[in-house]
Every structure is written in structure tokens, then in C-alpha cells.
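To keep things clear, I will list the structure first and then write my remarks on it.
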Amino acid sequence: MSRIKRKFEAQVEGVFLALVGAFVLIACADRPEPHAVSMVEGKRFAPAAITVPVGATVVWHNRSPDRHTLVADPADARAGRGVRLPAGAPAWGSGELFHDERWAHTFTAPGVYLYVCGVHAGEEMIATVVVEE
Ligand SMILES: [Cu+2]
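According to our numbering, the sequence shown is numbered sequentially starting from 394.
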């Protein structure tokens, strides 16, 4: 094989690998966050109800200027009254989330989760995750 031919093949291989890399990057960049919920202006969750399969991860993103929390703990003294969990499901909560912060939770138990914002629980900032088997 001539040196020129080998050099040409190496260049073709390089271009091919670059194209594969570009496709992988585009595929990743285009994929939306799976099961995303936002906190938006007006002290509400959007969407206020979401259905996901068991094992799914929901990512919350605070897109509002306000501070929020996610509370799914019936024992929470301030916000727990509005919370409902499926029997046996572990409680969860985010702590404070400021503007543009994200928090994720993976749901391992099926059922209906009613969670609230601990800061605005009295203002009906409440939402639902339904986890299906
Ligand atoms: Cu809030």
C-alpha cells in the first residue's frame, strides 16, 4: 500500500470518527431532560401533575426568582399536612432551591405522591407525581 493511500485512509477515518462524535453530541444535546418539572412564577409547579414509570428520575428546576423547597414528608411540621405518599414509600425533600437550581429524585415505589413547596405550602404550591409500575 502506498504512503499516499495510507495517509488518505487515515484522513477518511479521522473524518468518520469526527462525524460519529458530532452525531453523539447532537443526540445528547437534543434529548430533553427526562421527566422535568419547573417551579415558575406565580408560585406553582409546571406541570402540576406528572406520570412516570418506576425507576424514573424527576428533575425539578427552579425557573422562578423565588426560593422554593420540595417536601414529600408527612412528618414535616410546617408542610407535612398536604403531603401524601404511597404506603411504604420513603419520604423525600430537597432543601432550599434558589433561582436556576435543580434537584433530582428517583422514584422506586409506585403510587401517588402529593408534594408541596415548604415555603409556599400555605399558598397552595402543591403538585403530584404518579409513579406507575
Ligand atoms: Cu415555593
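Ideal Cβ placement from N, Cα and C applies to all residues, glycine included. Everything numeric in this text was worked out from a predicted model, so none of it was measured.
Quick check: what's the CA-CA separation for residue i versus residue j?
i, j, result
"residue 475", "residue 467", "8 angstroms"
"residue 444", "residue 400", "54 angstroms"
"residue 452", "residue 487", "11 angstroms"
"residue 516", "residue 437", "9 angstroms"
"residue 442", "residue 406", "48 angstroms"
"residue 512", "residue 518", "9 angstroms"
"residue 498", "residue 450", "5 angstroms"
"residue 425", "residue 440", "Model confidence at residue 425 stands at a pLDDT of 44, short of 50, so the residue's coordinates are unreliable; what they give is reported in the following sentence. In a straight line, the C-alpha of residue 425 is about 15 angstroms away from that of residue 440."
"residue 501", "residue 402", "50 angstroms"
"residue 427", "residue 433", "18 angstroms"
So, residue i versus residue j, is the Cβ gap smaller than 8 angstroms?
i, j, result
"residue 463", "residue 506", "no"
"residue 509", "residue 472", "yes"
"residue 431", "residue 460", "no"
"residue 489", "residue 503", "no"
"residue 465", "residue 485", "yes"
Using the Cβ count rule (16 or more neighbours within 10 Å means buried), how would you classify residue i?
i, result
"residue 492", "exposed"
"residue 520", "buried"
"residue 480", "exposed"
"residue 470", "exposed"
"residue 447", "exposed"
"residue 514", "buried"
Can you tell me whether DSSP reads residue i as helix, strand or coil?
i, result
"residue 494", "coil"
"residue 473", "helix"
"residue 527", "Only positions 394 to 526 of the chain appear in the structure, and residue 527 is not among them; the question remains open."
"residue 504", "strand"
"residue 514", "helix"
"residue 406", "helix"
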